[in-house]
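Numbering (this note's numbering), first residue to last: 12 to 463.
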């Protein structure tokens, strides 16, 4: 009964945001349909950049989309794929499976290391030289589309991307009604890990209570302050907003308002306890492992570390409430997705799109969960018992109602990194307004065009 209830809640969360879970083997059929419509769509999958290497597709009613692609391909299909360092083995295994599906085609597919967090910056240095297929975070879609670095998902081969993934993940991969990337996960958010030998389920509802319990146990609670991604939790809780104006290309931010001052003061006060501590990801993982950290605001990428360290005491929950301006406020969060994009300058853009589909289909998302604990965006994969029994996924589902997609411009990140570092040092109350004014000035500054 509990699993059924959680399933309902999780499905609701997928509609509201970009959050879903992950799961075990599914019986869903993802074989290419031999449909006229699919074949017609396939005729548009190869753009001018691929014209020299893939012949024009025959009439739409002569074969399925995949058959058309195979029939009109000669020679070796050469593709480069970028994936995070920690995902190299999983990605290579999935690519091996892709090649086995199409034995009549000769492939030369190489996998390189590029984190989804830095992919945009690397791609924009030279779009044409970038990989054919790459993993990105959803907040990079706008800049990449503006630079002509993302192939629109205007055709599909083996499954309908929009209908099989959560609405939130499709929204994260889209601009307006156009889809520009393939949802791979829907777990790029954060929540609270905690050690149940220190905290009860009731304790973790309030950060103030958690600090009291952690202090008594001589342990720490980790939070990554130098990051606008995590700072959103406090400023969002106070009712502040920071968003990119799509028309002007400039961020609009009220973090220096009265509510923002209250949020910054609260964060500063929590750091002043010496229990709520500024930590980077690696520091949190080390502290969890050596026992000095009993709770952390983090994501699924460190879930296994916490599970291994705390064993039966490993728990996960939504973020707690905090005191802001003397009132209890629920900490907000950023929810997001990891996506796979295709370079429109690829010589084999059709095959790049088919590979992107393969890397994000239900079987691949299930395998990625099994191997890495990543929560898929695929609706069917998110509904399995294995997913619903996963503490991190359940925590993300609970937190998702208090989260939003983060859509900010380039000038958001550096000022917020500095802001978080300063607030972690617990500045005096009379300094906070000036600190926030300086941060917002940088956040809302127009983005300067680079010189040719």
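Glycine included, each C-beta is placed from N, C-alpha and C at the ideal position.
Margin query: Measuring CB atoms only, is the segment 341-348 touching the segment 175-192, in the sense that at least three cross pairs come out at less than 8 Å?
Written below: yes
Check: For residue 277, is the classification buried or exposed, using 16 other Cβ atoms within 10 angstroms of its Cβ as the cut-off for buried?
Finding: Buried, because 16 or more other Cβ atoms sit within 10 Å of the Cβ of residue 277.
Notebook entry, point to check: Based on Cα-Cα distance, which residue from 355, 305, 397, 413 lies nearest to residue 329?
Noted result: 413
Check: Going by the beta-carbon positions, is the gap between residue 443 and residue 272 smaller than 8 Å?
Finding: yes
Check: Roughly how many angstroms lie between the CA atoms of residue 166 and residue 419, to the nearest whole one?
Finding: 29 Å
Check: Which word fits residue 229, buried or exposed, when buried means at least 16 other C-beta atoms lie within 10 angstroms of its C-beta?
Finding: With a 10 Å radius around the Cβ and a threshold of 16 neighbouring Cβ atoms, residue 229 comes out exposed.
Item checked: Residue of 343, 450, 438 minimising C-alpha distance to residue 407 -> 343
Check: If you drop the 5 nearest sequence neighbours on each side, which residues of the same chain put their C-beta closer than 7 Å to that of residue 457?
Finding: 261
Notebook entry, point to check: Should residue 269 be labelled buried (16 or more other beta-carbon atoms within 10 Å of its own) or exposed?
Noted result: exposed
Check: Start and end of the beta strand (DSSP E) containing residue 91?
Finding: Element bounds for residue 91: 87-94.
Checklist line | Backbone CA spacing between residue 198 and residue 327 [nearest angstrom] | finding: 14 Å
Note to self: Suppose you measure from the CA of residue 146 to the CA of residue 359; what does that come to, to the nearest Å?
What the structure shows: 18 Å
Note to self: Whole angstroms are fine: how far does the CA of residue 107 sit from the CA of residue 122?
What the structure shows: 11 Å
Margin query: Taking only three categories from DSSP, how would you classify residue 442?
Written below: helix
Next item on the list: Determine the direct distance from the alpha carbon of residue 126 to that of residue 95, and round the result to whole angstroms.
Entry: Roughly 4 Å between the two C-alpha positions.
Notebook entry, point to check: Which of the three DSSP states, helix, strand or coil, is assigned to residue 379?
Noted result: helix
Next item on the list: Output the distance between the C-alpha atoms of residue 188 and residue 305, rounded to the nearest integer angstrom.
Entry: One alpha carbon belongs to residue 188, the other to residue 305, and they sit about 44 Å apart.
Note to self: Run through the DSSP bridge pairs and tell me what residue 264 is partnered with.
What the structure shows: 253
Check: Span of the beta strand (DSSP E) holding residue 195?
Finding: Note, residue 195: beta strand (DSSP E), 193-196.
Notebook entry, point to check: Per DSSP, what kind of secondary structure is residue 206 in: helix, strand or coil?
Noted result: strand
Next item on the list: Report yes if the CB atom of residue 10 is closer than 8 Å to the CB atom of residue 375, and no otherwise.
Entry: One cannot answer for residue 10 here, as it falls past the ends of the chain, which runs 12 to 463.
Check: What is the residue span of the beta strand (DSSP E) that residue 138 lies within?
Finding: Element bounds for residue 138: n/a, residue is neither H nor E.
Notebook entry, point to check: How about residue 423 and residue 250: do their beta carbons lie closer than 8 Å?
Noted result: no
Checklist line | As assigned by DSSP and simplified to three states, the class of residue 234 | finding: Correct three-state label for residue 234: strand.
Check: Which value, in whole angstroms, describes the spacing of the CA atoms of residue 448 and residue 283?
Finding: 22 Å
Checklist line | Collapsed DSSP secondary structure at residue 162 in the structure displayed | finding: coil
Check: What's the call for residue 159, buried or exposed, on a 16-neighbour Cβ count within 10 Å?
Finding: With fewer than 16 Cβ atoms within 10 Å of its Cβ, residue 159 is classed as exposed.
Item checked: Beta carbon of residue 309 nearer than 8 Å to that of residue 204 -> yes
Item checked: Helix, strand or coil at residue 329 [DSSP, three-state] -> coil
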